[in-house]
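Engineer: Quick note: the sequence shown uses my numbering, first residue 93, plus one each step.
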Amino acid sequence: MDVKPVRSISNKEKQTPRHKRQKTYFTSSEKNMIINVYEHVKETWPADEYPYKTKLNEKTAAVCGIGIASVYRILKEYATNERVKSPVLTKKRPTFSEKIDANDKSSIRKIVHGYYMRGELPTFKKILQAVNDDEELPNFKKSTFHRILRHLKFRNVRLKGTNALVENNDIVLWRINYLKTIKMYRNENRKIFYINEAVLNIGNSDPKCYMDTSTNTSLISKEGTSTKNTTSRSKSLVILHIGSETGFLKGAEHIIELKTQGDPHESIDANNFEHWFEQNVAKLGENSVVVMNAAPYNTRRAEKTPSIAWTKGDIQEWLLHKEIHFDQSEVKVELLKRVHDVKRDFQAYAIDELAKKYKVDIMRLPPYHRELNPGQLVWSDVKDHLEITDTSFTFEQIKSLLQTSIRNVSSDKWQSCITHVIQVEDFFYRKLDVLIDNTMDTFGVNISDTASDTESCSSSTDESLLKYME
């Protein structure tokens, strides 16, 4: 084949793209300001330099730092109506999974597991009734609950004339792989740290505060944790911290004030998280292990891999850079097949690569298994120490009180919570999936319903995890 010179790929090109920027809306005052800029440009700049309206619009857009299309749209609105007005923004309706947080989702999963542990089959009707009877969980209609179970990766299998709920194989494999790996790390006496994320809501509905410690599994669903009990007068903070059996890592807290209502987890992006992690990873020590939730901000790929959106030339260049053989006559589909065959070797996460530089290993919790994270228990202690009774407190005042509360959490508390989590891990590892197997074997499985499941199980744990993460 003809070999072209390989162009070096910059770090910027290697990074996966950020989320699409939210569409900008202009208020009436902003629109009037843009119109005034346009009139100023029209009156003051030389006519021979800007003889056409297009040039005036381009200059106005450059001065205001907005797109040319926005200038056109605002001028057209003014010319048509002789005035401009602010847009009427429709309130986004929450999706079914935004109505419940990760704690609720984890509780639903535990209810399903509970039936297997009692040797009973968890049917849809039984689980729906159990959830609606639970005072701490919302009530659901059948259609909504069907969608929630699919969202939680449960499916129906036919067992002796009854449809029973079982977890998808990728979730089971993820959990088993996690439990085996962390057990190995504990046997090697490696120090294990846990990264935790919490949302602090201070409002009139609670004399103190509301601490939401729901784990963010936005990787699986773009919906994050709901901010319960928030009002327009409430204040919300997002807290990132890291801790181990010796307590919270000193000075590692990262506290962000939410300026607007919405999903609090969206306030943490990949750049923000990676910068915070890099500031603290050196403090952990070599051979440490960091456990975190799977979320968009910690699962950005270290480099992009070709897709159908890439040009043929760019795909060829990527293959050349990776020293992968191809023929110049191959079409894009053939080139992408070559990419697919090796793609798994180039899908490392940026945060994992950063940790490797400090000889630290990263582990990600299976989704909605909050009982495997001791930080869930520790943050309840943080809340108990908080004394915030006034919503007029400034961000710095709240931050100071929160830092004091964090310092008051002892290493004994962390050790107690980790001991409890180890007991849960041991139960999951030794009993849970065994009990599920025994219950299913007792009732018998229809072979025709599970043929595809057997094929799915033949893939490795890593492949299942990778597929699910995508």
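Cβ atoms here follow ideal geometry from the backbone N, Cα and C, with glycine treated the same way.
To the nearest angstrom, how far is the alpha carbon of residue 246 from that of residue 258?
Structural biologist: Rounded to whole angstroms, residue 246 to residue 258 spans 5 Å at the Cα level.
Engineer: In whole angstroms, what separates the C-alpha of residue 130 from that of residue 348?
Structural biologist: 38 Å
Engineer: With DSSP run on the structure shown, which of helix, strand or coil describes residue 329?
Structural biologist: strand
Engineer: Please state whether the Cβ-Cβ distance between residue 442 and residue 362 is less than 8 Å.
Structural biologist: yes
Engineer: Could you check what DSSP says for residue 338 in three-state terms: helix, strand or coil?
Structural biologist: coil
Engineer: Between residue 269 and residue 457, what straight-line distance do the alpha-carbon atoms span, to the nearest angstrom?
Structural biologist: Computed Cα separation, rounded: 10 Å.
Engineer: Contact defined as beta carbons within less than 8 Å: I believe residue 431 pairs with residue 286. What is the distance between those atoms, to the nearest angstrom?
Structural biologist: Actually they are not in contact, since the Cβ atoms of residue 431 and residue 286 sit about 36 Å apart, beyond 8 Å.
Engineer: What alpha helix (DSSP H) runs, 4 residues minimum, are completely inside the region 155-239?
Structural biologist: Every unbroken stretch of the alpha helix (DSSP H) spanning 4 or more residues and falling wholly within the region 155-239 is given here in chain order: 160-173, 194-209, 216-225.
Engineer: Which value, in whole angstroms, describes the spacing of the CA atoms of residue 163 and residue 127?
Structural biologist: So the two alpha carbons sit approximately 8 Å from each other.
Engineer: Name the two residues that bound the continuous beta strand (DSSP E) containing residue 453.
Structural biologist: 453-456
Engineer: For residue 227, is the classification buried or exposed, using 16 other Cβ atoms within 10 angstroms of its Cβ as the cut-off for buried?
Structural biologist: exposed
Engineer: Please state the DSSP three-state secondary structure of residue 350.
Structural biologist: Correct three-state label for residue 350: coil.
Engineer: Can you list, in chain order, the residues of its chain with a C-beta nearer than 8 Å to that of residue 404? Leave out the 5 residues immediately preceding and following it.
Structural biologist: The beta carbon of residue 404 sits closer than 8 Å to those of 423, 424, 427, all from its chain and outside the five residues before and after it, given in chain order.
Engineer: Quick one: Cα of residue 532 to Cα of residue 198, how far?
Structural biologist: 22 Å
Engineer: Where DSSP assigns a beta bridge to residue 431, which residues make up the other side?
Structural biologist: Bridge partners of residue 431: none, in fact.
Engineer: CB-CB under 7 Å to residue 380, same chain, minus the five flanking residues each way: which ones, in chain order?
Structural biologist: 282, 283, 285, 452
Engineer: Mapping DSSP to helix, strand and coil, what is residue 309?
Structural biologist: Model confidence at residue 309 stands at a pLDDT of 41, short of 50, so the residue's coordinates are unreliable and nothing is read from them.
Engineer: Going by beta-carbon coordinates alone, are residue 120 and residue 176 separated by less than 8 Å?
Structural biologist: yes
Engineer: If you compare alpha carbons, which of 493, 507, 169, 392 is closest to residue 124?
Structural biologist: Nearest to residue 124 by alpha-carbon distance, out of 493, 507, 169, 392, is 169.
Engineer: Taking buried to mean at least 16 other C-beta atoms within 10 Å of its own C-beta, is residue 401 buried or exposed?
Structural biologist: exposed
Engineer: Output yes or no for whether 8 Å exceeds the beta carbon distance between residue 166 and residue 237.
Structural biologist: Their beta carbons are not under 8 Å apart, which means residue 166 does not touch residue 237 by this criterion.
Engineer: Using C-beta distances below 7 Å, list every residue in its chain close to residue 174, excluding the 5 sequence neighbours before and after it, in chain order.
Structural biologist: Closer than 7 Å at the Cβ level, and outside the excluded window around residue 174, lies no residue.
Engineer: I want to know whether the region 493-504 touches the region 333-341 - three or more CB-CB distances under 8 Å.
Structural biologist: yes
Engineer: Out of 449, 448, 414, 420, which one is the CA nearest neighbour of residue 433?
Structural biologist: Taking only the C-alpha atoms, the option nearest residue 433 is 414.
Engineer: Give every residue of the same chain whose Cβ lies closer than 6 Å to the Cβ of residue 440, excluding the five residues on either side of it in the sequence, and list them in chain order.
Structural biologist: 394
Engineer: Taking Cβ positions, are residue 525 and residue 264 nearer each other than 8 Å?
Structural biologist: yes
Engineer: So what does residue 365 bridge to, in DSSP terms?
Structural biologist: Paired residues: none, contrary to the question.
Engineer: Give me the Cβ distance between residue 211 and residue 288, rounded to the nearest whole Å; I'm assuming they're in contact under 8 Å.
Structural biologist: About 35 Å separates the beta carbons of residue 211 and residue 288, which is beyond the 8 Å limit, so they are not a contact pair.
Engineer: Please list the terminal residues of the continuous beta strand (DSSP E) segment that includes residue 254.
Structural biologist: It spans 254-259 - the beta strand (DSSP E) in which residue 254 sits, taken as one unbroken run.
Engineer: Distance check for residue 429 and residue 290, CA to CA, integer angstroms please.
Structural biologist: The alpha-carbon atoms of residue 290 and residue 429 are separated by roughly 42 Å.
Engineer: Can you tell me whether residue 138 is buried or exposed, with buried defined as 16 or more other CB within 10 angstroms of its CB?
Structural biologist: exposed
Engineer: Do you know offhand how far residue 498's Cα is from residue 474's?
Structural biologist: 6 Å
Engineer: According to DSSP, is residue 292 part of a helix, a strand, or is it coil?
Structural biologist: strand
Engineer: In whole angstroms, what separates the C-alpha of residue 389 from that of residue 360?
Structural biologist: Each residue's Cα considered, the two are about 7 Å apart.
Engineer: Assign residue 397 to one of two classes, buried (16 or more other C-beta atoms within 10 Å of its C-beta) or exposed (fewer than that).
Structural biologist: buried
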